[in-house]
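S.K.: Just dropping this structure here.
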Amino acid sequence: MITGKNYIGNQLSNLGSTTYKTFNPELNQENEYIFTEATPEEINNAVDLATTAFKEYQTISGNRKAEFLNAIADEILALGTKLIQTYCAESGLPEGRAKGERGRTVFQLRSFADLVEEGSWVEATIDTAIPDREPSPKSDLRKMNIPLGPVVVFGASNFPLAYSTAGGDTAAALAAGCPVIVKSHPMHAGTGELIASAIIKAAEKTEMPNGVFSNLNSSGIEVGQQLVAHPKVKAVGFTGSIRGGRALLDLAAKREEPIPVFAEMGSINPVIMLPKALQNKAKSIASTYANSITLGTGQFCTNPGLILGIESDSLDNFINSLAKKIVEINPTCMLHPNIVGAYESNKSKAIAQEGLTVVTNYKEETQANYASQIVTTVKGKTFLDNPTLHQEVFGPYSIVVQCKNEKQLEEIISSLEGQLTGTVISDDNEVANYPTIVSALQNRVGRIIFNGVPTGVEVCPSMVHGGPYPASTDSRFTAVGINSIKRWVRPFSYQDWPNYLLPQELKNENPLYILRSVNGTLTKEKIV
1 MITGKNYIGN
11 QLSNLGSTTY
21 KTFNPELNQE
31 NEYIFTEATP
41 EEINNAVDLA
51 TTAFKEYQTI
61 SGNRKAEFLN
71 AIADEILALG
81 TKLIQTYCAE
91 SGLPEGRAKG
101 ERGRTVFQLR
111 SFADLVEEGS
121 WVEATIDTAI
131 PDREPSPKSD
141 LRKMNIPLGP
151 VVVFGASNFP
161 LAYSTAGGDT
171 AAALAAGCPV
181 IVKSHPMHAG
191 TGELIASAII
201 KAAEKTEMPN
211 GVFSNLNSSG
221 IEVGQQLVAH
231 PKVKAVGFTG
241 SIRGGRALLD
251 LAAKREEPIP
261 VFAEMGSINP
271 VIMLPKALQN
281 KAKSIASTYA
291 NSITLGTGQF
301 CTNPGLILGI
311 ESDSLDNFIN
321 SLAKKIVEIN
331 PTCMLHPNIV
341 GAYESNKSKA
351 IAQEGLTVVT
361 NYKEETQANY
371 ASQIVTTVKG
381 KTFLDNPTLH
391 QEVFGPYSIV
401 VQCKNEKQLE
411 EIISSLEGQL
421 TGTVISDDNE
431 VANYPTIVSA
441 LQNRVGRIIF
451 NGVPTGVEVC
461 PSMVHGGPYP
471 ASTDSRFTAV
481 GINSIKRWVR
491 PFSYQDWPNY
501 LLPQELKNEN
511 PLYILRSVNG
521 TLTKEKIV
């Protein structure tokens, strides 16, 4: 049931008077439910509850946290068709996408449950004492990761489930031992409330402390600003635009106690088309990339928005094939009129730049909230000289840069801001002849792909979803996979503490039987 209220811990609340509705972009009309924005009082109540809950939640065992995370997954599945219908009504996305994203969300939760149940993620490190060491004794030191405290998570517009209320940020923070306050995304507030209700049910069933989770509604920026500025909040997770992420980063840095903001932001995901690959398979590559550019109406942060190649007949053939293929694909609905407006504005700004050529034979979409699919081309020097062309156009848009030679190609790669991904399209081992190109690309991205497409982010331990700024605010961390838990913890060391007072992970007996580093050796054995 959707109430339109805020979850302040386990209780529903609607103290405010400002309301809003979500929007169905496919039907081009508002949805029926009315949502009440959180007030400053409700924000304070949520943070205070989270702070109190943290005192208990940080001490809860990995087994109990695993029960909680698995219970959340179960409750999400129990929402059934109501969740899928609400998701589709608020996003314009098809049912298959909704079910797939639900499956991804559940998988992420269960992956973190497995991680904390096993327990080795705390990276327990033990260096035992050497009391008779000369010239001075060596103390007993034992280190492990501990949670930061209450975390604020901002829901993403383009993934109403997997990057939102119970998405990767929330799952990782809860797994780490941090209470979570979600600032629900206004475009899918109903989906968010349904998921929030599932989390609250799971928390109650597994007897988690009240305040381990809250969900706050907001259609503007004020609630988010107040949450980030709140002195009891200890970290922030964000998926969205560079403008939004940077604003939160700056706000967090200005606090009396600055806190980390882990923001995954914009990316144009450069793709390098090497000459022999284009010479041998330009048409098939074009077909593959037409599908990648238009996948999800181009509303993925890994959308291939920049394609680079060296001037040749083969590159021309690729461009012509791509232009033909992309207009053969039926346009689809974007997530919200605001996103459509931003796409049209940014697309028009890009197309107006001197030296840019539109190569797709397209017409502007007349169906509301649908997007025209565009491919443009530009010469390498023009691209280098115009920073506007380096900016992300969020939607089904890509620019092909015709580089004069290999040197200019490398220069363009080096001129780019940080990106989530980079891709190399090569014929067999052709890439081995371009080591400087690969090196330049590696320095600008978080993940490099060989003969594939950047769209599609596998949830697994080896995934890196992040990159140098502005792809993310901290390139040392990933936003996807179990290693994303490291964003919400800090290392903590015990010196010369009695064994009986140490946490289970650091006791001599190793009662949890986790993998630990003991005097430089990885082992599960007890210390005798």
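Throughout the sequence shown, residue numbering follows the UniProt record's numbering, covering 1 to 528 in sequence. Glycine is no exception: its CB is placed at the ideal position from the N, C-alpha and C atoms.
Mind reading off the beta-carbon distance from residue 570 to PRO209? Whole number of angstroms is fine, and I expect it under 8 Å.
M.R.: The chain is shown only over 1 to 528; residue 570 falls outside these bounds and no answer can be derived.
S.K.: Taking its Cβ as the centre, do 16 or more other Cβ atoms sit within 10 Å of GLU26, making it buried, or is it exposed?
M.R.: GLU26 is buried by the Cβ-count criterion.
S.K.: Taking all protein chains shown into account, do 16 or more other C-beta atoms lie within 10 angstroms of the C-beta of residue 556, making it buried, or fewer, making it exposed?
M.R.: This structure gives no information on residue 556, because the portion of the chain shown stretches from 1 to 528.
S.K.: Taking 8 Å as the cut-off, decide whether the C-beta atoms of GLY395 and LYS347 are in contact.
M.R.: A contact, by the Cβ cut-off of 8 Å.
S.K.: Does the distance from the C-beta atom of ILE259 to that of VAL223 stay below 8 Å?
M.R.: Not closer than 8 Å, so no.
S.K.: Do the stretch 507-526 and the stretch 130-138 touch if we need at least three Cβ pairs shorter than 8 Å?
M.R.: No, the stretch 507-526 is not in contact with the stretch 130-138.
S.K.: According to DSSP, which residues form a beta bridge with GLU264?
M.R.: Bridge partners of GLU264: THR239 and SER472.
S.K.: With distances taken from CA atoms, which of ILE412, LYS486 and VAL359 is nearest ILE310?
M.R.: Cα-wise, what sits closest to ILE310 is ILE412.
S.K.: According to DSSP, which residues form a beta bridge with LYS143?
M.R.: THR125 and SER493, per the DSSP bridge assignment.
S.K.: Should ALA113 and LEU77 be called a contact, given that it needs their Cβ atoms to be closer than 8 Å?
M.R.: No. Outside cutoff.
S.K.: Would you mind listing the alpha helix (DSSP H) stretches within the stretch 74-114 that are 4+ residues and don't spill past its ends, in chain order?
M.R.: Complete alpha helix (DSSP H) runs here, min 4: 81-91.
S.K.: Apply the 10 Å Cβ neighbour rule to CYS460 and answer buried if 16 or more other Cβ atoms are within range, or exposed otherwise.
M.R.: Per the 10 Å Cβ criterion, exposed.
S.K.: If you count every other CB in all the chains shown that lies within 10 Å of the CB of SER214, and 16 or more means buried, which is it?
M.R.: Flag for SER214 reads buried.
S.K.: Does DSSP put PRO270 in a helix, in a strand, or in coil?
M.R.: Looking at PRO270 - three-state DSSP - the assignment turns out to be strand.
S.K.: Report yes if the CB atom of ASN28 is closer than 8 Å to the CB atom of ALA368, and no otherwise.
M.R.: Closer than 8 Å, so yes.
S.K.: Quick check: the Cα distance between GLY100 and SER139, rounded to an integer number of angstroms?
M.R.: Those two C-alpha atoms are separated by around 52 Å.
S.K.: CB-CB under 6 Å to VAL424, same chain, minus the five flanking residues each way: which ones, in chain order?
M.R.: Once the five neighbours on either side are set aside, the close Cβ partners of VAL424 are ILE272, VAL431 and PHE450.
S.K.: Determine, using beta carbons only, whether SER267 and GLY456 come nearer to each other than 8 Å.
M.R.: No, the Cβ-Cβ distance between SER267 and GLY456 is not below 8 Å.
S.K.: Give me, in chain order, the residues of the same chain whose beta-carbon lies closer than 7 Å to that of GLY116; leave out the 5 immediate sequence neighbours on both sides.
M.R.: This sequence places Val at residue 116; Gly is not what is there. So the list reads GLY62, LYS65, ALA66 and ALA175, once near-sequence residues are dropped.
S.K.: For MET1, does the count of other Cβ atoms within 10 angstroms reach 16, so buried, or fall short, so exposed?
M.R.: Exposed.
S.K.: Are there any heavy atoms of the ligand FMN lying less than 7 Å away from the beta-carbon of MET265, as far as the coordinates show?
M.R.: Looking at this structure, you won't find the ligand FMN or any other ligand, since it has none at all.
S.K.: Out of GLY9, LEU141, ALA171 and VAL212, point me to the one whose CA is closest to THR59's CA.
M.R.: Checking every option, the nearest Cα to that of THR59 belongs to VAL212.
S.K.: Residues in its own chain within less than 6 Å of LEU356 by CB, not counting five upstream and five downstream?
M.R.: Within the same chain, LEU356 has close Cβ partners THR376 and VAL378.
S.K.: What residue does the alpha helix (DSSP H) around LYS183 start on, and which one ends it?
M.R.: Counting along the chain, LYS183 falls outside any alpha helix (DSSP H), though it belongs to the beta strand (DSSP E) covering 180-183.
S.K.: Quick one: using the 10 Å Cβ neighbour count with 16 as the cut-off for buried, is ASN429 buried or exposed?
M.R.: So ASN429 ends up on the exposed side.
S.K.: When you compare each of SER321, ASN320 and ALA198 to LYS82 by their alpha carbons, which one comes out closest?
M.R.: It is ALA198 whose Cα lies nearest to the Cα of LYS82.
S.K.: Kindly indicate which residue of LEU409, ILE146, ILE126 and PRO435 has the alpha-carbon position closest to the one of ILE518.
M.R.: According to the sequence shown, residue 518 is Val rather than Ile. It is ILE126.
S.K.: Among PRO491, ALA290, ASN508 and ASP48, whose alpha-carbon lies nearest the alpha-carbon of TRP497?
M.R.: When each option's Cα is compared against that of TRP497, the closest is ASN508.
S.K.: Can you name, in chain order, every residue of its own chain whose Cβ lies under 8 Å from the Cβ of PRO231, other than the five neighbours on each side?
M.R.: Same-chain partners within the cutoff: ARG255, GLU256 and GLU257.
S.K.: For ALA156, I'd like the list of residues in its chain whose CB is within less than 8 Å of its CB, leaving aside the five on either flank, ordered along the chain.
M.R.: Around ALA156: TYR163, SER164, GLY167, HIS185, THR239 and GLY240.
S.K.: Does DSSP put PHE477 in a helix, a strand or coil?
M.R.: Coil.
S.K.: Alpha carbon to alpha carbon, what distance is there between GLN11 and THR436?
M.R.: Rounded to the nearest angstrom, the two C-alpha atoms are 57 Å apart.
S.K.: Can you list, in chain order, the residues of its chain whose CB lies under 8 Å from that of PHE262, leaving out five sequence neighbours each side?
M.R.: Around PHE262: ASP169, ALA235, VAL236, GLY237, PHE238, SER472, THR473, ASP474, PHE477, ALA479 and ARG487.
S.K.: If you check the beta carbons only, do LYS325 and ALA371 fall under 8 Å apart?
M.R.: Cβ distance not < 8 Å, so LYS325 and ALA371 don't count as in contact.
S.K.: ASN6 lies in the beta strand (DSSP E); which residues open and close that run?
M.R.: Element bounds for ASN6: 6-8.
S.K.: For a quick check, are the C-beta atoms of THR191 and ALA71 less than 8 Å apart?
M.R.: Against a cut-off of 8 Å, the Cβ pair of ALA71 and THR191 comes out as no contact.
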